[in-house]
Structure formats: C-alpha cells, structure tokens
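> This is the structure, below, for whatever I ask next.
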Amino acid sequence: MADNGAEKEQIQDPEIGDHELDDSKAKFINGGNSLDDTRVVVSGRASPSTPVFTGLGKDELKKYADDPFWVRLRWILFILFWVGWLAMLVSAIVIIVLAPRCPTRPDLRWYHKDVSYNVYSKSFFDGDKTQDGYGDLEGIKQKQSYFEQLSANTVWLSSILKTSPVDNDRAVVDHKEIDEKFGTVDVLRDFCKKLMKKGKRVIMDLVPNQTSKNHTWFLMSQKKEGKYADYFIWSDAANNWRRKDGSSMWVQDTVRNQYYLSQFDDLPDLNLTNPDVIEEFQKIIQYWAGAGISGFHINDMEMLAENDTLANESERGKETMNFADNAIVIDSLKKIVDGLDNKPGREKLLFGTLTMADIDNIKMYKGQDGMRGLHMAAVMLDQLTVGISAPDLETKLEPFINASSSSWLGWRLTTPMSGTDRVFNRVGEQRMIAAHALQALLPGSSLPYYGDELAMESGVKVDKKTVTPMQWSKEAHAGFTTGTPWLAVNVGYEQKNLDSMTAQLGDNKMMDSFKALNKLRSSESLQFGKTMFCSNGDLLIFARNAEGFESFVVVINLGGATAHMFMGDKCVGERDSAELVFHSHVMERANTQLNLNNAVSIGGDEVLVLKFAA
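Here it is as structure tokens:
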C-alpha cells in the first residue's frame, strides 16, 4: 500500500493462514525516522497452551441443573420473590386503608376566596389630566398597588354608567355606556385585561330597576311604540303604594296620559317580568362580560318585581318589597350569567345585597323550587351598632350563619345607595376593628367599602352620606383632586387620611389590623370551615374549623371592661395551648403562644384571634 510514495510493510507470521488473522491484535509501529518507517504487525491467535473458556456444555449444564443444591436454591429464591411481592402488596393496601386521608377541600371559585373592594368610582381618585373633580377609571388604575396592599384581588366598581342627572346613580341613560367623566369602555377593557393577567378581577353594579326619564326605552314607552309600550309599569290610576318617605310611588305622565311606577326620585321602574326587558339585560350583561367584567351586583334587589295586579297594600312594602316574583327575575338573570364563559377561573358572579332584617327572605334569593339562586347573597351588617351586646349580635347573626350552609354569603359594612350611615357612625371608632373582624372572619366573602379601612365618617348631605371623596392625604381636598371636587370632602380629613394612618412610628392599628385580618382569610378554616358560636357575657366568641386544617377562635369583647376567657370554653374545648395570631390593639403580641390553663385577658372592644393545630 502506497501513501505519498512511501511503502508500508505488513509483516505476517508465515505459520498463520489468512483465515486465522485476528484484527484485534493489530499493532501500528513507527520506526521514528519518517512516515516511511511505519509498519503494521498482525498477531495470530493464542498459542495452543493458552486456556480458552468457551462456557458450559450441554451435559455439564444439565448436571448442575439437576443438582439438588441448585434445585433447592432456585425454589428458595422463587418463593422469597413472591413472598416479598405479596408483602409489598399487602403493605400498600394497609397504608392506603389506614393512612390519614387528605383533608376535603370544597370546589371554591374566585369570588369565594377573594376580598372584593367596593369603589364608588366618582369619589375614589381623580386621575385624568383635566382634574375635573370626579373620580375616574384612570384614577382607579393608578391605585392598583393600594388594592394589593389591602389583599383585595377583586375591584368592585359602583357608579360608572352614564346617567342623567349625572349625580343620580339610578338615572341610567344607557346601560352600555360609561359616563364620559369616568373614562371609556376601552380604558375599562384595558384595566380588566391587565388585572386578569395577575389573577385579579373587576366586577360592577347592574342597575335593572329603573332608568332615567331620558332613556330611549322610556321615551318610546311614553309613545306606546311597539314592544317598548310595556317596558315600564303603567297604570290608569294610582293605588296606595308609598315610598319610604311616605310619598306616592306613582307619577302622572302627560305624554302617555297614564301613571308610571317610580320608587325613587320620579325615575320610571322597569317591568322586569317582561321577557323583552330581560332580553335587553341579556345583551347588557353579555356586553360588559365581553369588556372583561367578571361579575354583577344587582342594585336594589329587593325591588325587582311588584304585584302585577297592582292591589292596594295593607302595609307599606308588602306588594313591592321582596315580592315573590323577585325569584323569577333572579332566575332569569342567573341563567344569562351562567350562559357566559364559565371555564375554571373565568366563572361569572351574580349577587345582590340583603339587610339583616331580610333573613326571612333569604330562601328567595338562594334558590328554591328548581330556581337558580344567586351565586352569593351579600348581607349588610346594618344592625351592628355601638350599643349592641354580644348575645344580641349573636342572635341576629346566627340565622344567616345557619343559612350559609346552603348559600354563600358576603359581608358589607357600608353601601353607597342604602341611605344608612357609614359603619364608623354606627359603631364608633372603638368598635371599628371589631366590625372589620366580623366582615373578614365570618363565613363567606369579605366585601369592604372604600374608606372604611380608614374609619371614614358619613358626609353631611343626607342622600350622599356614604360617597364623600376618599381621604388620601392632608393636602387640599384630601389629595382626591387638584380641581374642585364634585362633593365636599369630610371635615377633619387633615388628621384622618391614608398618609397619616400609615406614617412611620404613628398609631397605625386601624390600617394594620385591616390588612392583617384580610391576610388571615387565606387560611382554609376561615375560607370554608364550619362556624360555631359560643358567646359568654360580653364576649362574642365563634370558632371556624375545617376538618384536617388549623382551626381558629375569634374573641370580640363588646363590653367596656376587661373580660377573661378560660380553658373549657365551648369553642376552645380541652386544648391547653393556642397561638395568638391577631391582637387588635397590640399587634406586636401576634405569634405569641398562650397557655390556656391560665385565663386570657381581653380589654374592652378588643379582638383576639387564636389558632389551634389541626
């Protein structure tokens, strides 16, 4: 073989034939002087004297296979294998049967777990460049970090629809249009989209009861045009139905020469038992869901339907408040909402608000007789007052707690349209933290209202007591706007504002406790645990316990003097230790281990939350 003129020599043992060559024995030898000295030497097979192992022959293998020793060994190993296999199988079965089962978790949706912070849009923050004195969507967008500080994953918008007059939230001109003072649908859509990416949501008020007299539907109904003729409640004569202020619910219309029903401010009431009107609201709900809205709160839910015979009332509200046909309207609206995109995480919410006096009507709204109830019934804690005792409050709460086993509840302390005072004016500053504790820790969802975390007070205007501008700072107009606010800011905002109540080294227990209580809600027992009351004297006590998870006992002293809780209390049982996870007045005491063999002291209006191991 030649390479660049050089010859390579293959040396072979002459005693070995070509067929006996072993390539694995090839060696390359370099003479060291040049490439020409390279040689290949191929060695032959091993010499006959070298022993080569070729394995057992058939006869030899049979001899060992039949040997009694190997036969016994094979049987022993075979039996041990199956005994071991069966032992592992039995062990696995025993572990499965006897091992503690994973605690059961109900199928909770986002609105069961989220804190939904209710924003009165006009009064929250003026964020646009014009500084026109009205809160707006841009201002709400700028305060996203504030919602996160409060552990609020859902923003609930009140007062964004176009109305006429602009300051009457019930006087809706177009249910599909945002008032230009607040922004545009595109701004809302962008806001919803960004929050959804973070696992957060936006819900809004639905105003189905009445419209403005300038609404297209009413203008056409006045003229009896087509299907619009029956969009509202018309009558040739007025009956004896009265509003809360004692005035007649009937307004004479000179265009149609009939009376129309009006429960508020001469605004015409819609006929929600008319399928055409429900179809309109189907389009409205679908429109806002398409813009990114995840839920709808029904304003004035107790007034959805009236006795269509227009019979005179024997007592005020009997034929117009919580009338039986409300359930039909709720069922119709629920079917619309349930027909939207309800994939996991995208479920839509429909809910409304009851007062504490409405407990007898809760069955109507939670669904019965084959009808679909609300996803959530929000309860306005309007009977929580400065003078209420622990036994009285337990008596008022217990029927709702019993109802919570079959209907999800939400808890509100202040609403924009109820006509009642803010919670601060009802309970006083000393009981504000107790009110927040009830809202956050009772079974159901927490629905705080803007400003309550600051203990904001009611405004001076009777019809707008709960919608004064948010108090952000001590700056002019409480930092709400640099323009002229649409409604005067509360007196005393210079001392009571967010900046002052979160200042370093300041007395921040109101805000700190509000945040801490909302964070506690992430615990399983406080989300879906059973509730048991065991009040004692001035102490309102209730336990929240989900089997298999850490349990909690909430203690609220509604008396003015220091009280004591002892081991053996019904809610505590025989457990002798607990972790103090919340103390309303001395936050530094949180995470303290308590020995329940000794009495636990709790001052007047203080709130304690104890945690027990699973």
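If you use full-length UniProt numbering, the sequence shown corresponds to residues 1 to 614, in order. In this text, a Cβ means the ideal position worked out from N, Cα and C, and glycines have one as well. Remember, predicted model here, so these are calculated numbers, not experimental data.
Mapping DSSP to helix, strand and coil, what is R189?
If DSSP states are grouped into helix, strand and coil, R189 belongs with the helices.
> With DSSP run on the structure shown, which of helix, strand or coil describes D499?
Three-state result, D499: helix.
> Measuring straight from C-alpha to C-alpha, what distance separates N597 and D576?
Whole-angstrom Cα-Cα distance: 6 Å.
> Contact defined as beta carbons within less than 8 Å: I believe A305 pairs with V277. What is the distance between those atoms, to the nearest angstrom?
Their Cβ separation, rounded to whole angstroms, is 11 Å, which puts A305 and V277 out of contact at 8 Å.
> Please state the DSSP three-state secondary structure of F125.
Coil at F125, not helix or strand.
> Should the region 543-558 be called in touch with the region 596-610, which here means at least 3 C-beta pairs below 8 Å?
Judged by Cβ distances under 8 Å, the region 543-558 makes contact with the region 596-610, as three or more pairs qualify.
> Which complete alpha helix (DSSP H) runs does the region 206-279 hold, if anything under 4 residues is left out?
Runs found: 216-222.
> Go through the region 70-135 residue by residue and report every complete run of the beta strand (DSSP E) that reaches 3 residues or more, in order.
If we require 3 residues or more, the beta strand (DSSP E) runs fully inside the region 70-135 come out as 115-120.
> Among E524, E588, S294, A476, which has the Cα closest to the Cα of K611?
Among E524, E588, S294, A476, the Cα nearest to that of K611 is on E524.
> Quick check on this structure: which residue in T353, G226, W241 has the alpha carbon closest to the alpha carbon of E313?
The residue with the shortest Cα to Cα distance from E313 is W241.
> Using the beta-carbon count (16 or more within 10 Å), is G419 buried or exposed?
When all chains shown are included, G419 counts as exposed.
> Please state the DSSP three-state secondary structure of W288.
The answer is helix: DSSP assigns W288 an H, G or I state.
> By the DSSP assignment, the beta strand (DSSP E) with H297 in it spans what residues?
Where H297 is concerned, the enclosing beta strand (DSSP E) stretches over 295-298.
> Residue 636 to H375, Cα distance in whole Å?
Residue 636 is absent from the structure shown; the chain starts at 1 and stops at 614.
> Taking C-alpha atoms, which residue in P268, G451, G199, R521 lies nearest to V207?
Closest by alpha carbon: P268.
> Tell me whether P469 is buried or exposed, calling it buried when 16 or more other Cβ atoms sit within 10 Å of its Cβ.
With 16 or more other Cβ atoms within 10 Å, it is buried.
> Rank G410, K58, Q471 by C-alpha distance to the C-alpha of T353 and give the top, closest one.
Answer by Cα proximity: G410.
> How long is the line joining the alpha carbons of R346 and R189, rounded to whole angstroms?
Distance between the alpha carbons of R346 and R189 is about 15 Å.
> The beta strand (DSSP E) with R544 in it runs from where to where?
Residues 539-545.
> Give me, in chain order, the residues of the same chain whose beta-carbon lies closer than 7 Å to that of A99; leave out the 5 immediate sequence neighbours on both sides.
Nothing meets the Cβ criterion.
> Would DSSP call A377 helix, strand or coil?
Here A377 sits in strand by DSSP.
> Along the chain, where does the beta strand (DSSP E) containing I140 start, and where does it finish?
Unbroken run through I140 is the alpha helix (DSSP H), 137-142; no beta strand (DSSP E).
> Does the beta-carbon of D341, which I'm using as the reference point, lie nearer than 7 Å to any heavy atom of the ligand PLP?
With respect to small molecules bound, the structure shown includes none, and the ligand PLP cannot be examined in it.
> Taking just the CA atoms, how far does N168 sit from M220?
So the two alpha carbons sit approximately 22 Å from each other.
> Strictly by DSSP, which residues pair up with Q593?
Paired residues: E579.
> Hey, out of I359, I233, Y450, R170, whose CA is closest to residue 615's CA?
Lying outside 1 to 614, the shown extent of the chain, residue 615 is not represented and no answer is given.
> Quick check on the burial criterion: 16 or more other C-beta atoms within 10 angstroms. Buried or exposed for N490?
N490 is buried by the Cβ-count criterion.
> Determine the DSSP secondary structure at R426, reduced to helix, strand or coil.
Helix, per DSSP.
> Can you give me the start and stop residues for the beta strand (DSSP E) that M456 sits inside?
Counting along the chain, M456 falls outside any beta strand (DSSP E), and DSSP gives it neither H nor E.
> Decide if Q222 is buried, meaning its Cβ has at least 16 other Cβ atoms within 10 Å, or exposed.
Under this definition Q222 is a buried residue.
> To which residues does DSSP link D392 through a beta bridge?
Paired residues: none, contrary to the question.
> When we look at the beta-carbon of M301 and count the other beta-carbons within 10 Å, is it buried (16 or more) or exposed?
Answer is buried; the Cβ neighbour count reaches 16.
> Suppose contacts are defined by Cβ-Cβ distances below 8 Å. Is L270 in contact with N209 by that definition?
Closer than 8 Å, so yes.
> What number of angstroms, rounded off, separates the C-alpha of V427 from the C-alpha of D538?
Cα to Cα, the separation comes out at about 16 Å.
> Does DSSP put R431 in a helix, a strand or coil?
R431 falls in the helix class under three-state DSSP.
> When the Cα of N257 is compared with those of G127, A403, D236, Y287, which residue comes out closest?
Nearest of G127, A403, D236, Y287 to N257, Cα basis: D236.
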